[in-house]
Each structure stands twice: as structure tokens, then as C-alpha cells.
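Just so you know, this note's numbering puts 286 at position 109 of the sequence shown, and the rest follows in order with no gaps.
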Amino acid sequence: MKIGVFDSGLGGLTVVKALQEVIKGADIFYIADTKNAPYGEKTSEQILQYSLDITEYFLAQHNIDALIVACNTATSAAIKTLREKYPKLILIGTEPGIKPAIEQTLTGQVGVLATPATLGGEKYQQLALRLAKDKEVTLYEQACPGLVEQIEKGEIHSSQTYVMLENWLKPMRDADVDTIVLGCTHYPLVAQVIEKVMQRKLHLIETGAAIAKHLLALSKEKGHKNKGELHISLYHTSTICLDLVAKILKQDISMESISL
Ligand code: DGL
Numbered sequence: 178m179k180i181g182v183f184d185s186g187l188g189g190l191t192v193v194k195a196l197q198e199v200i201k202g203a204d205i206f207y208i209a210d211t212k213n214a215p216y217g218e219k220t221s222e223q224i225l226q227y228s229l230d231i232t233e234y235f236l237a238q239h240n241i242d243a244l245i246v247a248c249n250t251a252t253s254a255a256i257k258t259l260r261e262k263y264p265k266l267i268l269i270g271t272e273p274g275i276k277p278a279i280e281q282t283l284t285g286q287v288g289v290l291a292t293p294a295t296l297g298g299e300k301y302q303q304l305a306l307r308l309a310k311d312k313e314v315t316l317y318e319q320a321c322p323g324l325v326e327q328i329e330k331g332e333i334h335s336s337q338t339y340v341m342l343e344n345w346l347k348p349m350r351d352a353d354v355d356t357i358v359l360g361c362t363h364y365p366l367v368a369q370v371i372e373k374v375m376q377r378k379l380h381l382i383e384t385g386a387a388i389a390k391h392l393l394a395l396s397k398e399k400g401h402k403n404k405g406e407l408h409i410s411l412y413h414t415s416t417i418c419l420d421l422v423a424k425i426l427k428q429d430i431s432m433e434s435i436s437l
């Protein structure tokens with residue numbers, strides 16, 4: 178099986194890390210579109226165009242069977258069009274895990290961290306409205322502009338990253354939030370800092386494992402045996418932080434700079 182995975186940068190590698198746990202006998206082609214990052218501060222038209230260009234690249238260069246949109250922001254802007262345009266592809270997007278968060282919270286106070294584009298998107302608004310009706314919960318939504326850039330620079334434990342998170346999370350700490358949805362695939366990379374700022378044990382909700390499970394089920398239906406090695410190739414459209422790649426994947430991978 179050939180799997181294309183993309184994100185604006187290295188955040189989507191948190192999804193690849195989850196794929197490493199369950200997917201075997203496959204080639205993963207990952208695009209970090211760092212030239213256009215951050216997606217979360219672009220228009221939905223721009224994000225849709227980047228997503229289409231990347232999908233075309235995957236199909237032309239690697240003839241992929243499956244596409245994982247390892248980016249909440251691109252999923253919000255592009256998944257509908259991608260499904261219409263490529264009906265034969267196994268196609269899985271990434272959405273903020275509000276449902277598991279609502280199920281797990283004990284205080285009924287749930288934080289949602291995501292990019293401005295994801296929180297402002299119609300997809301998120303509908304999801305939040307529908308799920309918040311199921312159980313009495315209060316959602317504290319917080320856009321985090323600038324956080325993706327900090328992570329892409331490898332500045333995970335820097336004082337600037339800490340101060341940004343302190344400002345965004347203080348209202349959640351005061352409101353007894355016990356569960357936070359990491360609604361951007363970059364944010365699991367600052368999970369430790371979030372826990373430190375919140376000064377408590379939290380449920381941090383990410384969706385990589387659910388995506389991997391879903392891919393396994395869909396690919397088995399199409400005859401994938403799930404045996405053998407997993408190869409990963411990373412392509413980037415501008416510079417990347419190599420230390421961060423090594424920290425996330427802990428496996429040798431090939432890397433190449435491309436232009437789309
Ligand atoms: N990793 C992304 C997401 O899940 C996109 C971040 C960005 O480029 O703004 O939303």
C-alpha cells in the first residue's frame with residue numbers, strides 16, 4: 178500500500194508516529210509544506226489549492242492508494258472537495274476530538290486549542306454545536322496563532338512558547354478545565370508544556386491513533402495484508418527542523434526537498 182500524508186509542516190508526523198504503531202507493509206510518503214506554513218492563518222481558498230496540488234503530486238509521483246490529511250486546518254478547508262474529486266482514494270482527514278473529550282471530562286469544562294482557520298471553519302462550528310448538545314459541557318475555544326511557527330523552529334521548551342501558552346491557558350486553568358482537545362496536529366509536540374502551565378494532570382485529546390485504526394480497517398477491506406516493513410519518505414517544500422523529525426519518528430527515513 179502506498180500512503181500519502183501531508184501537513185503544513187512537521188506536525189502531521191504525530192499522525193505518522195501513530196501509523197508506525199499499526200501499519201505494516203506500506204510506503205508512507207509525507208509532505209511537509211513548509212513553504213506555505215502556517216496554513217492556519219491562510220484563507221480557505223489558499224489551503225484548498227495547496228491540498229489539491231499536494232494530492233496531484235502524490236498521485237503523479239507515487240500513485241498513492243490512500244491519502245491522510247494530517248492537518249485539521251486542511252481537513253476543514255479541503256476534505257469535501259478532495260472526496261468529490263478523488264472517489265477511488267482511501268481518504269482520511271483529521272478533526273478535533275471533541276467527542277472523546279466530552280465523554281472523558283469529569284468537570285464538564287473542556288478546552289479546545291486549534292488554528293484560527295480551524296476554529297472559524299464551518300466544519301468545526303457544526304461539530305461543536307452538535308456535540309455540545311449531547312452533554313452539559315462548556316467549551317473554551319482558543320486559537321493559537323504563532324504556536325505552529327514556534328514548534329516548526331524546534332522552540333518547544335523556550336520561554337516564548339511558555340508565555341504564549343500561559344496567556345492562552347490561564348482562563349482554562351481558572352475554569353477547572355480537565356480535558357483539552359489538541360485540535361492541530363502540531364500541538365501534541367507541546368503536550369508537556371501544556372501540562373506544566375495547567376499545573377494538573379489532564380486528558381489531552383489527539384486523534385492520531387484513531388486515524389491509524391481507521392486506515393487499517395479501510396485498507397484491509399481493500400485487500401491490504403498488513404505484513405512486512407514500513408518505509409517512510411519525507412518531502413519538504415522549504416526548510417525543516419531536522420532535530421524535531423528525529424525526536425518524533427525515531428526511525429531512519431529518507432528526506433528530500435521538492436517544489437510542487
Ligand atoms: N498541523 C496543522 C493542523 O492540524 C496546521 C497548522 C498550520 O499550519 O497552521 O491544523
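Built from N, CA and C at the ideal position, the CB exists for glycine as well.
Return the CA-CA distance between C418 and Q327, expressed in angstroms with no decimal places.
-> Indexing the sequence shown from 1 puts residue 418 at position 241. Indexing the sequence shown from 1 puts residue 327 at position 150. Separation of C418 and Q327 (C-alpha to C-alpha, rounded to the nearest whole angstrom) is 11 angstroms.
Within the same chain, show all residues whose beta-carbon is closer than 7 angstroms to that of I430, passing over the 5 residues directly before and after it, in chain order.
-> What you label residue 430 is simply residue 253 of the sequence shown in a count that begins at 1. Cβ within range, chain order: I409, S410 and L411.
Could you check the C-alpha separation between T250 and A291 for me, to the nearest Å?
-> Position 73 of the sequence shown, counted from the first residue, corresponds to residue 250. Position 114 of the sequence shown, counted from the first residue, corresponds to residue 291. One C-alpha to the other measures close to 8 angstroms.
With distances taken Cα to Cα, identify the nearest neighbour of V182 among S228, Q223 and I224.
-> Taking the first residue of the sequence shown as 1, we reach residue 182 at position 5. Answer by Cα proximity: S228.
Please determine, among K312, K201, K373 and G217, the residue with the shortest C-alpha to C-alpha distance to E343.
-> Against the sequence shown, residue 343 aligns to sequence position 166. The candidate whose alpha carbon is nearest that of E343 is K373.
Terminal residues of the continuous alpha helix (DSSP H) containing E198?
-> To locate residue 198, count along the sequence shown from 1; it is residue 21. Here the alpha helix (DSSP H) through E198 covers L190 to V199.
Buried versus exposed, by CB contacts within 10 Å (16 or more), G217 | The residue given as residue 217 occupies position 40 in the sequence shown. So G217 ends up on the buried side.
Pairwise C-alpha distance: Q302 and D311 = Taking the sequence shown and counting its residues from 1, the one referred to as residue 311 is at position 134. Taking the sequence shown and counting its residues from 1, the one referred to as residue 302 is at position 125. Each residue's Cα considered, the two are about 15 angstroms apart.
When you compare each of V367, L316 and I357 to M341 by their alpha carbons, which one comes out closest?
-> Within the sequence shown, residue 341 is the residue found at index 164, counting from 1. Nearest option by C-alpha distance: V367.
Assigned exposure category for K219 - 16 Cβ within 10 Å defines buried | Taking the first residue of the sequence shown as 1, we reach residue 219 at position 42. Looking at its Cβ environment, which holds 16 or more other Cβ atoms inside 10 Å, K219 is buried.
Compute the Euclidean distance between the alpha carbons of I333 and V370, then round it to the nearest angstrom.
-> Stepping through the sequence shown from its first residue, residue 333 is reached at position 156. Stepping through the sequence shown from its first residue, residue 370 is reached at position 193. Near 8 angstroms, if we compare the C-alpha coordinates of V370 and I333.
Excluding the five sequence neighbours on either side, which residues of its own chain have a C-beta within less than 6 angstroms of the C-beta of V287, listed in chain order?
-> Against the sequence shown, residue 287 aligns to sequence position 110. Answer for V287: A278, V314, L316 and T356, listed in chain order.
Within 7 angstroms: the Cβ of A387 and any heavy atom of ligand 1?
-> The count along the sequence shown starts at 1 and reaches residue 387 at position 210. The answer is no for A387.
What residues are listed by DSSP as bridge partners for G181?
-> Counted from its first residue, the sequence shown places residue 181 at position 4. G181 is bridged to F206 and L244.
Proximity below 8 angstroms, CB of L196 to CB of A352 | In the sequence shown, counting from the first residue as 1, residue 196 sits at position 19. In the sequence shown, counting from the first residue as 1, residue 352 sits at position 175. No.
What does DSSP give as the partner residues of H380 in its beta bridges?
-> Residue 380 sits at position 203 when you count from the first residue of the sequence shown. For H380, the pairing in a beta bridge is given by DSSP as T356.
Tell me E398's beta-bridge partners as DSSP assigns them.
-> By one-based count along the sequence shown, residue 398 stands at place 221. For E398, which the question treats as bridged, DSSP gives no partner whatsoever.
Can you tell which of R377, G400, E398 and P365 has the C-alpha that lies nearest to the C-alpha of E383?
-> If you number the sequence shown from 1, residue 383 lands on position 206. Cα-wise, what sits closest to E383 is P365.
Just how far apart, CA to CA, sit T295 and A309?
-> As a first step, residue 295 is located in the sequence shown; it is residue number 118 there, counting from the start. As a first step, residue 309 is located in the sequence shown; it is residue number 132 there, counting from the start. Each residue's Cα considered, the two are about 17 angstroms apart.
Going by DSSP, what residues sit across from Q319 in a beta bridge?
-> As a first step, residue 319 is located in the sequence shown; it is residue number 142 there, counting from the start. Under the DSSP definition of a beta bridge, Q319 partners with L290.
Hey, would you say the C-beta of Y227 is under 7 angstroms away from at least one heavy atom of ligand 3?
-> You won't find ligand 3 in this model; what it holds is ligand 1.
Have a look at the DSSP bridge pairing and note the partners of H408.
-> For the purposes of this step, residue 408 is identified with residue 231 of the sequence shown, where counting begins at 1. Bridge partners of H408: D204.
Which runs of the beta strand (DSSP E) fall wholly inside the region 244-284 and span at least 3 residues, in chain order?
-> Segments of the beta strand (DSSP E) lying fully in the region 244-284: 267-269.
Would you report the Cα separation of K397 and T271, rounded to the nearest angstrom?
-> For the purposes of this step, residue 397 is taken as the residue at position 220 of the sequence shown. For the purposes of this step, residue 271 is taken as the residue at position 94 of the sequence shown. Take the alpha-carbon of K397 and the one of T271: they are about 20 angstroms apart.
Using the C-alpha atoms, what's the distance from Q281 back to G188?
-> Here residue 188 refers to the residue found at position 11 when the sequence shown is read from its first residue. Here residue 281 refers to the residue found at position 104 when the sequence shown is read from its first residue. Straight-line Cα distance between these residues: approximately 24 angstroms.
Taking all protein chains shown into account, do 16 or more other C-beta atoms lie within 10 angstroms of the C-beta of G405, making it buried, or fewer, making it exposed?
-> Residue mapping note: residue 405 aligns to position 228 of the sequence shown, counting from 1. So G405 ends up on the exposed side.
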